[in-house]
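**Student:**
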Amino acid sequence: MKKINWLFALVVLITLFAFIRPKPALFIIGDSTVRNGSGSAKNVLQGWGSYLGNYFDSSKIYVENDAIGGRSSRSFIGEGRWDSVLNKVQKGDFLLVQFGHNDSGPLDDTARARGSIKGIGEESKDVYNPVLKKKETVHTYGWYLRKYIKDAKAKGVYPIICSPIPRNDWKDGKVLRNNDSYALWAKQVATEEKVPFIDLNNVLADDYQKEGKAYIANFFPEEHTHTNEAGARYNAKVVANQIRLIQSYDLKKYLLP
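Quick note: the sequence shown uses my numbering, first residue 118, plus one each step.
Structural data, given as C-alpha coordinates:
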(Lines of atoms letter the chains of each structure in order from A; the text may use other names.)
(Lines give C-alpha, C1' and ligand atoms only; values in the text may rest on other atoms or scores of the structure.)
Protein backbone atom coordinates (compact mmCIF):
# COMPACT_ATOMS: atom_id res chain seq x y z
CA MET A 118 0.00 0.00 0.00
CA LYS A 119 2.86 2.36 0.90
CA LYS A 120 4.53 1.54 -2.40
CA ILE A 121 1.34 2.44 -4.29
CA ASN A 122 1.05 5.75 -2.42
CA TRP A 123 4.69 6.54 -3.13
CA LEU A 124 4.24 5.80 -6.83
CA PHE A 125 1.10 7.95 -6.94
CA ALA A 126 2.93 10.84 -5.30
CA LEU A 127 5.77 10.45 -7.79
CA VAL A 128 3.36 10.57 -10.73
CA VAL A 129 1.74 13.72 -9.31
CA LEU A 130 5.13 15.41 -8.89
CA ILE A 131 6.22 14.50 -12.41
CA THR A 132 2.93 15.85 -13.78
CA LEU A 133 3.33 19.10 -11.86
CA PHE A 134 6.90 19.60 -13.06
CA ALA A 135 5.76 18.96 -16.62
CA PHE A 136 3.41 21.94 -16.39
CA ILE A 137 5.88 24.29 -14.70
CA ARG A 138 7.83 26.30 -17.25
CA PRO A 139 11.53 26.65 -16.47
CA LYS A 140 11.47 30.29 -17.57
CA PRO A 141 9.01 33.19 -17.39
CA ALA A 142 6.71 34.12 -20.24
CA LEU A 143 5.42 37.28 -21.85
CA PHE A 144 1.84 36.90 -23.07
CA ILE A 145 0.49 39.44 -25.56
CA ILE A 146 -3.22 40.02 -26.10
CA GLY A 147 -4.96 42.43 -28.43
CA ASP A 148 -6.56 42.84 -31.84
CA SER A 149 -5.43 42.56 -35.47
CA THR A 150 -2.96 45.42 -35.14
CA VAL A 151 -1.12 43.10 -32.74
CA ARG A 152 -1.67 39.83 -34.63
CA ASN A 153 -3.32 39.74 -38.03
CA GLY A 154 -4.85 36.49 -39.20
CA SER A 155 -2.72 33.52 -38.20
CA GLY A 156 0.28 35.75 -37.68
CA SER A 157 2.06 33.92 -40.48
CA ALA A 158 4.72 35.76 -42.46
CA LYS A 159 2.75 34.73 -45.57
CA ASN A 160 0.03 37.24 -44.68
CA VAL A 161 0.28 40.63 -46.38
CA LEU A 162 -0.95 42.35 -43.22
CA GLN A 163 0.90 41.80 -39.96
CA GLY A 164 0.68 42.90 -36.32
CA TRP A 165 3.57 44.06 -34.14
CA GLY A 166 3.09 41.23 -31.64
CA SER A 167 4.31 38.74 -34.24
CA TYR A 168 7.77 40.34 -34.18
CA LEU A 169 8.20 41.52 -30.60
CA GLY A 170 9.72 38.18 -29.65
CA ASN A 171 12.69 38.94 -31.91
CA TYR A 172 13.88 41.46 -29.33
CA PHE A 173 13.92 39.03 -26.41
CA ASP A 174 16.45 36.38 -25.41
CA SER A 175 14.49 33.19 -26.08
CA SER A 176 16.79 31.22 -23.77
CA LYS A 177 15.56 33.32 -20.84
CA ILE A 178 11.93 34.13 -21.62
CA TYR A 179 9.10 32.66 -23.68
CA VAL A 180 7.02 35.09 -25.76
CA GLU A 181 3.50 34.11 -26.87
CA ASN A 182 1.25 36.29 -29.01
CA ASP A 183 -2.37 35.42 -28.22
CA ALA A 184 -3.86 38.49 -29.90
CA ILE A 185 -6.49 37.83 -32.54
CA GLY A 186 -8.05 39.97 -35.22
CA GLY A 187 -11.48 41.52 -34.86
CA ARG A 188 -11.59 41.41 -31.08
CA SER A 189 -12.25 44.16 -28.59
CA SER A 190 -11.48 44.40 -24.90
CA ARG A 191 -14.95 42.98 -24.39
CA SER A 192 -15.17 40.19 -26.98
CA PHE A 193 -11.73 38.77 -26.12
CA ILE A 194 -13.22 38.01 -22.71
CA GLY A 195 -16.70 37.05 -23.91
CA GLU A 196 -15.38 34.41 -26.29
CA GLY A 197 -13.40 32.74 -23.53
CA ARG A 198 -10.02 33.71 -24.97
CA TRP A 199 -8.94 35.51 -21.82
CA ASP A 200 -9.74 32.46 -19.71
CA SER A 201 -7.55 30.39 -22.04
CA VAL A 202 -4.65 32.77 -21.49
CA LEU A 203 -5.22 32.80 -17.73
CA ASN A 204 -5.04 29.02 -17.70
CA LYS A 205 -1.52 29.22 -19.17
CA VAL A 206 0.04 32.01 -17.13
CA GLN A 207 2.20 31.38 -14.09
CA LYS A 208 3.42 33.54 -11.25
CA GLY A 209 6.18 35.83 -12.46
CA ASP A 210 4.94 36.03 -16.07
CA PHE A 211 4.22 39.29 -17.89
CA LEU A 212 1.14 40.45 -19.81
CA LEU A 213 1.03 43.06 -22.57
CA VAL A 214 -2.47 44.38 -23.40
CA GLN A 215 -3.53 46.51 -26.38
CA PHE A 216 -7.19 46.95 -27.30
CA GLY A 217 -9.29 49.85 -28.56
CA HIS A 218 -9.55 49.66 -32.34
CA ASN A 219 -12.72 47.56 -32.22
CA ASP A 220 -14.29 48.84 -29.01
CA SER A 221 -16.21 51.65 -30.69
CA GLY A 222 -18.52 49.25 -32.54
CA PRO A 223 -22.19 48.55 -31.73
CA LEU A 224 -23.01 46.68 -28.54
CA ASP A 225 -25.44 44.18 -30.02
CA ASP A 226 -25.24 44.11 -33.82
CA THR A 227 -25.65 40.74 -35.54
CA ALA A 228 -22.25 40.85 -37.24
CA ARG A 229 -19.82 41.44 -34.36
CA ALA A 230 -21.47 42.54 -31.09
CA ARG A 231 -18.08 43.60 -29.78
CA GLY A 232 -18.44 47.24 -28.76
CA SER A 233 -17.80 48.38 -25.21
CA ILE A 234 -19.29 51.40 -23.45
CA LYS A 235 -17.11 54.47 -23.88
CA GLY A 236 -15.07 55.64 -20.91
CA ILE A 237 -13.64 54.03 -17.79
CA GLY A 238 -16.56 54.19 -15.38
CA GLU A 239 -18.75 51.50 -13.82
CA GLU A 240 -21.66 51.95 -16.23
CA SER A 241 -23.10 48.80 -17.74
CA LYS A 242 -25.89 47.72 -20.05
CA ASP A 243 -27.65 44.38 -20.36
CA VAL A 244 -27.99 43.24 -23.97
CA TYR A 245 -28.69 40.12 -25.94
CA ASN A 246 -25.54 39.12 -27.79
CA PRO A 247 -26.69 37.67 -31.15
CA VAL A 248 -23.20 36.32 -31.90
CA LEU A 249 -22.81 34.39 -28.64
CA LYS A 250 -26.59 33.82 -28.55
CA LYS A 251 -26.96 34.75 -24.89
CA LYS A 252 -27.63 37.68 -22.59
CA GLU A 253 -24.57 39.71 -21.66
CA THR A 254 -23.78 42.63 -19.39
CA VAL A 255 -21.61 45.07 -21.34
CA HIS A 256 -19.19 47.29 -19.43
CA THR A 257 -16.94 50.22 -20.25
CA TYR A 258 -13.60 49.97 -22.03
CA GLY A 259 -11.89 50.90 -18.78
CA TRP A 260 -13.78 48.24 -16.85
CA TYR A 261 -12.46 45.54 -19.17
CA LEU A 262 -8.89 46.84 -18.92
CA ARG A 263 -9.19 46.78 -15.13
CA LYS A 264 -10.39 43.19 -15.30
CA TYR A 265 -7.31 42.15 -17.27
CA ILE A 266 -5.10 43.91 -14.74
CA LYS A 267 -6.81 42.50 -11.66
CA ASP A 268 -7.03 38.95 -13.03
CA ALA A 269 -3.35 39.05 -13.97
CA LYS A 270 -2.27 40.40 -10.60
CA ALA A 271 -4.33 37.73 -8.83
CA LYS A 272 -2.14 35.11 -10.51
CA GLY A 273 1.11 36.91 -9.78
CA VAL A 274 1.43 38.17 -13.36
CA TYR A 275 2.78 41.64 -14.19
CA PRO A 276 0.41 43.52 -16.57
CA ILE A 277 1.39 46.34 -18.93
CA ILE A 278 -1.25 48.45 -20.69
CA CYS A 279 -0.71 49.91 -24.17
CA SER A 280 -2.77 52.55 -25.91
CA PRO A 281 -3.86 51.46 -29.42
CA ILE A 282 -1.45 52.17 -32.26
CA PRO A 283 -2.43 55.17 -34.42
CA ARG A 284 -4.08 54.76 -37.79
CA ASN A 285 -2.51 56.16 -40.93
CA ASP A 286 -4.75 59.22 -40.82
CA TRP A 287 -3.19 62.67 -41.21
CA LYS A 288 -4.28 66.30 -41.04
CA ASP A 289 -2.04 69.28 -41.72
CA GLY A 290 1.04 67.08 -41.70
CA LYS A 291 0.26 65.46 -38.35
CA VAL A 292 -1.02 62.01 -37.44
CA LEU A 293 -4.49 62.03 -35.91
CA ARG A 294 -4.52 60.68 -32.37
CA ASN A 295 -7.22 59.56 -29.96
CA ASN A 296 -6.07 61.44 -26.88
CA ASP A 297 -9.66 62.22 -26.02
CA SER A 298 -10.79 58.60 -26.08
CA TYR A 299 -9.06 55.21 -26.07
CA ALA A 300 -5.48 56.43 -25.65
CA LEU A 301 -6.60 58.66 -22.79
CA TRP A 302 -8.72 55.97 -21.16
CA ALA A 303 -5.95 53.37 -21.36
CA LYS A 304 -3.58 55.82 -19.67
CA GLN A 305 -6.11 56.68 -16.97
CA VAL A 306 -6.71 53.03 -16.10
CA ALA A 307 -2.99 52.21 -16.02
CA THR A 308 -2.37 55.20 -13.76
CA GLU A 309 -5.23 54.33 -11.40
CA GLU A 310 -4.17 50.69 -11.18
CA LYS A 311 -0.49 51.63 -10.83
CA VAL A 312 0.77 49.49 -13.70
CA PRO A 313 3.19 50.44 -16.50
CA PHE A 314 1.72 52.22 -19.50
CA ILE A 315 3.13 52.27 -23.03
CA ASP A 316 1.59 55.14 -24.96
CA LEU A 317 1.84 53.58 -28.41
CA ASN A 318 -0.73 55.98 -29.82
CA ASN A 319 1.42 59.03 -29.18
CA VAL A 320 4.91 57.52 -29.34
CA LEU A 321 4.23 55.96 -32.74
CA ALA A 322 2.42 59.07 -33.99
CA ASP A 323 5.51 61.11 -33.10
CA ASP A 324 7.76 58.63 -34.90
CA TYR A 325 5.49 58.49 -37.94
CA GLN A 326 5.61 62.27 -38.22
CA LYS A 327 9.40 62.25 -38.10
CA GLU A 328 9.48 59.67 -40.89
CA GLY A 329 6.94 61.57 -42.97
CA LYS A 330 3.58 60.72 -44.48
CA ALA A 331 4.99 59.31 -47.74
CA TYR A 332 7.37 56.95 -45.94
CA ILE A 333 4.76 55.70 -43.47
CA ALA A 334 2.32 55.07 -46.32
CA ASN A 335 4.55 52.13 -47.27
CA PHE A 336 3.51 50.43 -44.03
CA PHE A 337 -0.21 50.51 -44.88
CA PRO A 338 -0.69 48.84 -48.30
CA GLU A 339 -4.44 48.23 -48.13
CA GLU A 340 -6.09 50.69 -45.71
CA HIS A 341 -5.33 52.97 -42.79
CA THR A 342 -5.38 50.55 -39.84
CA HIS A 343 -3.36 47.43 -40.59
CA THR A 344 0.37 47.35 -41.27
CA ASN A 345 2.36 45.08 -43.53
CA GLU A 346 5.40 43.18 -42.28
CA ALA A 347 7.66 46.22 -42.51
CA GLY A 348 5.21 48.29 -40.49
CA ALA A 349 4.74 45.52 -37.93
CA ARG A 350 8.49 45.21 -37.47
CA TYR A 351 8.81 48.98 -37.12
CA ASN A 352 6.11 49.05 -34.46
CA ALA A 353 7.57 46.04 -32.63
CA LYS A 354 10.92 47.80 -32.33
CA VAL A 355 9.19 50.81 -30.80
CA VAL A 356 7.38 48.57 -28.30
CA ALA A 357 10.68 46.93 -27.34
CA ASN A 358 12.30 50.32 -26.84
CA GLN A 359 9.40 51.40 -24.63
CA ILE A 360 9.77 48.24 -22.54
CA ARG A 361 13.39 49.25 -21.89
CA LEU A 362 12.05 52.37 -20.17
CA ILE A 363 9.84 50.50 -17.70
CA GLN A 364 11.36 50.72 -14.22
CA SER A 365 8.74 49.01 -12.06
CA TYR A 366 9.10 45.55 -13.67
CA ASP A 367 12.25 43.68 -14.64
CA LEU A 368 10.94 42.66 -18.07
CA LYS A 369 13.66 44.71 -19.77
CA LYS A 370 16.38 42.40 -18.47
CA TYR A 371 15.15 39.73 -20.89
CA LEU A 372 15.61 41.97 -23.93
CA LEU A 373 18.55 41.34 -26.21
CA PRO A 374 21.29 44.00 -26.03
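No residue lacks a Cβ here, since even glycine has one placed at the ideal position from N, Cα and C.
Run the CB neighbour count on D200, radius 10 Å, all protein chains shown included, and call it buried at 16 or more, exposed below.
**Tutor:** When all chains shown are included, D200 counts as exposed.
**Student:** Determine which residues share a DSSP beta bridge with Q359 and list them.
**Tutor:** DSSP output for Q359 lists no bridge partner at all.
**Student:** Does T308 pass the burial test, meaning 16 or more other C-beta atoms within 10 Å, or should it be called exposed?
**Tutor:** So T308 ends up on the exposed side.
**Student:** Which same chain residues end up closer than 7 Å to A184 when comparing Cβ atoms and leaving out the 5 residues on each side of it in sequence?
**Tutor:** Within the same chain, A184 has close Cβ partners I145, I146, G147, D148, V151, R152, G164, G166.
**Student:** From what residue to what residue does the alpha helix (DSSP H) around D268 run?
**Tutor:** Unbroken alpha helix (DSSP H) run through D268: 258–271.
**Student:** With respect to the alpha helix (DSSP H) encompassing G197, which residues constitute its N-terminal and C-terminal limits?
**Tutor:** Segment: none, G197 is in no alpha helix (DSSP H) and carries neither H nor E.
**Student:** In this structure, does DSSP put S241 in helix, strand or coil?
**Tutor:** In this structure, S241 counts as strand in the three-state DSSP scheme.
**Student:** So is V161 buried or exposed if we call it buried at 16+ other beta carbons inside 10 Å?
**Tutor:** Exposed is the call here.
**Student:** Can you tell which of R138, I137, A142 has the C-alpha that lies nearest to the C-alpha of Y371?
**Tutor:** Checked all of R138, I137, A142; the closest Cα to Y371 is A142.
**Student:** Between which two residues does the alpha helix (DSSP H) harbouring G166 extend?
**Tutor:** 166–169 is the span of the alpha helix (DSSP H), which, as asked, contains G166.
**Student:** Note the first and the last residue of the continuous alpha helix (DSSP H) segment covering E310.
**Tutor:** Here the alpha helix (DSSP H) through E310 covers 299–310.
**Student:** So A300 and N319 are in contact, right, with Cβ under 8 Å, and what is the actual spacing, rounded?
**Tutor:** Going by Cβ atoms, the distance from A300 to N319 rounds to 7 Å, so yes, they are a contact pair.
**Student:** Are E181 and K208 close, meaning C-beta to C-beta below 9 Å?
**Tutor:** It is not a contact, given that the beta carbons lie outside the stated cut-off.
**Student:** Between S233 and T257, how many whole angstroms is the CB-CB distance? I'm expecting something under 8 Å.
**Tutor:** Sure, about 6 Å apart at Cβ, within 8 Å.
**Student:** Reducing DSSP to helix, strand and coil, say where K251 ends up.
**Tutor:** Looking at K251 - three-state DSSP - the assignment turns out to be strand.
**Student:** Mark S280 as exposed unless 16 or more other C-beta atoms lie within 10 angstroms of its C-beta, in which case mark it buried.
**Tutor:** Counting Cβ neighbours within 10 Å, S280 comes out buried, since at least 16 surround it.
**Student:** By Cβ distance, which residues of its chain are closer than 8 Å to G290, with the 5 residues on each side in sequence left out?
**Tutor:** Excluding residues within five positions, the ones whose Cβ falls inside 8 Å are Q326, K330.
**Student:** Would you be able to state if there are at least three C-beta pairs under 8 Å between the region 351–369 and the region 264–277?
**Tutor:** Touching, per the Cβ criterion.
**Student:** Thinking just about the alpha-carbon of each residue, which of V355, I315, P247 is nearest to the one in Q364?
**Tutor:** It is I315 whose Cα lies nearest to the Cα of Q364.
**Student:** Per the DSSP calculation, V214 is bridged to which residue(s)?
**Tutor:** Per DSSP, I146, I278.
**Student:** Pick from E339, L373, T342, H341: whose alpha carbon is nearest that of K354?
**Tutor:** Cα-wise, what sits closest to K354 is L373.
**Student:** Can you say whether N285 is buried or exposed, counting buried as having 16 or more other CB atoms within 10 angstroms of its CB?
**Tutor:** With 16 or more other Cβ atoms within 10 Å, it is buried.
**Student:** Which of the three DSSP states, helix, strand or coil, is assigned to Q207?
**Tutor:** Three-state DSSP puts Q207 in coil, outside helix and strand.
**Student:** Keeping to the same chain, check which residues put their C-beta closer than 8 Å to that of D227; ignore five residues upstream and five downstream.
**Tutor:** A quick correction: the sequence has Thr, not Asp, at residue 227. If we look at T227 and ignore the five residues flanking it on each side, its Cβ neighbours are P247, V248.
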